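Let me begin by presenting the structure, written as structure tokens, before commenting on it.
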DNA sequence: CAATCATATACCCTTGACAGTATATACTAA
DNA sequence: TTAGTATATACTGTCAAGGGTATATGATTG
């Protein structure tokens, strides 16, 4: 993929946050929805657009879709996250805060043996 | 400036090329026009948009406007150029080719003591 | 002053990105 | 099969980005 396409993805705050989250590990759509607090249709479309340019990858698991960065991740993307993680900008702060929320989510999921914890997030998922 | 704004600038091939050229030194509008082969109005508008977000800086010199990267350059921008300079992508190739053309232009200017060499480029500039 | 040059801006138009609503699809469970 | 759940897509409307043409501005020269 071309650098220009990658920059277009990074140029939207939501896509930047999504990519940053996926850079730390796969997530299903409903978790991304909750972490970023966006409606389902918006999340689905953002993900579709990034999948279309080959930046991310989707895998079905039952009724859930698990999204992850395409492997290997684009080096230019890695380069940018390396910088953003150490940056003091408000945007970088938010990426770090997203990252913390993601960690909390993962421990909750593990604790509850529940792939989609309705109790913690507003999402209406139910245990499989 | 926010990272998002920077990425928006990078997300257009022409702006990317402009920034890459300016990263190597200041240039006047007519030289940029010729190096990228774009009409004057387009170049002027692209430059205005990047000036509006504080990425670049303009300085008048007679009838010419000399554009340069704002000093100090945004570290995120530097990071990206560092990567792009070593990348093998078609876009990176073009940045390198732009860079060579710029070098040729500069030696010509020096040789001819002419700040805007009409002979080499299609531009209608005249010697001051 | 008038003429010319380099550059910027105003205006109009087209295109594409994005949001929201509704509906479709793919899967699971009863 | 029917119902329900997670996700995707179709459709529509709005808005901003970008291109082109014409014109304005600011500086220089004669």
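Chains as they are written, first to last, in my numbering: chain U, 1061 to 1188; chain V, 1061 to 1188.
Ideal Cβ placement from N, Cα and C applies to all residues, glycine included.
Just so it is clear, the structure is predicted and the values come from calculations on it, not from any experiment.
Residues in its own chain within less than 7 Å of residue i by CB, not counting five upstream and five downstream?
i	result
residue 1106(V)	1074, 1075, 1078
residue 1181(V)	In this predicted model, residue 1181(V) has a pLDDT of only 35, less than 50, meaning its place in the structure is not dependable; the value taken from the coordinates is given anyway. Once the five neighbours on either side are set aside, the close Cβ partners of residue 1181(V) are 1094.
residue 1100(U)	1093
residue 1155(V)	1077, 1080, 1144
residue 1136(V)	1063, 1066
residue 1086(U)	1126, 1127, 1128
In this structure, how does DSSP classify residue i when only helix, strand and coil are distinguished?
i	result
residue 1185(U)	At residue 1185(U) the pLDDT is 39, less than 50, meaning the model places this residue with poor confidence; the figure from the coordinates comes in the next sentence. DSSP places residue 1185(U) in coil when its eight states are reduced to three.
residue 1110(U)	helix
residue 1080(V)	helix
residue 1125(U)	strand
residue 1086(U)	coil
residue 1104(U)	helix
residue 1157(U)	helix
residue 1130(V)	coil
residue 1194(U)	This structure cannot settle anything about residue 1194(U), because the visible part of chain U is limited to 1061 through 1188.
residue 1073(V)	helix
residue 1170(U)	helix
residue 1151(V)	helix
Over what stretch of residues does the beta strand (DSSP E) that includes residue i continue unbroken?
i	result
residue 1119(U)	1116 to 1121
Check for me: the alpha helix (DSSP H) holding residue i runs from which residue to which?
i	result
residue 1140(V)	1135 to 1146
residue 1063(U)	1063 to 1070
residue 1089(U)	1089 to 1096
Within the same chain, show all residues whose beta-carbon is closer than 8 Å to that of residue i, passing over the 5 residues directly before and after it, in chain order.
i	result
residue 1131(U)	1117
residue 1158(U)	1077, 1080, 1081, 1095, 1096
residue 1134(V)	1061, 1066, 1115
Excluding sequence positions up to five away, which residues of its chain have a Cβ less than 6 Å from the Cβ of residue i?
i	result
residue 1061(V)	1113, 1114
residue 1124(U)	1088
residue 1152(V)	1144
residue 1119(U)	1126
residue 1070(U)	1076
Cβ contact check for the segment 1131 to 1144 of chain U and the segment 1135 to 1144 of chain V: 3 or more pairs under 8 Å
yes
Chain U contacts made by the segment 1112 to 1136 of chain V, where a contact means CB separation under 9 Å
1135, 1136
Near-chain V residues of the segment 1095 to 1110 of chain U (beta-carbon distance less than 8 Å), N- to C-terminal order:
none
Near-chain U residues of the segment 1155 to 1168 of chain V - C-beta to any C-beta below 8 Å
none
May I ask you to verify whether the segment 1146 to 1165 of chain U touches the segment 1081 to 1088 of chain U, counting CB pairs closer than 8 Å and requiring at least 3?
yes
Could you run through the segment 1063 to 1083 of chain U and flag, in chain order, every residue whose CB is less than 9 Å away from some CB of chain V?
1063, 1064, 1065, 1066, 1067, 1068, 1069, 1070, 1071, 1072, 1073, 1076
Residues of the segment 1139 to 1153 of chain U in Cβ contact with chain V at a cutoff of 9 Å, in chain order, please.
1139, 1140, 1142, 1143, 1144, 1147, 1149, 1150, 1151, 1152
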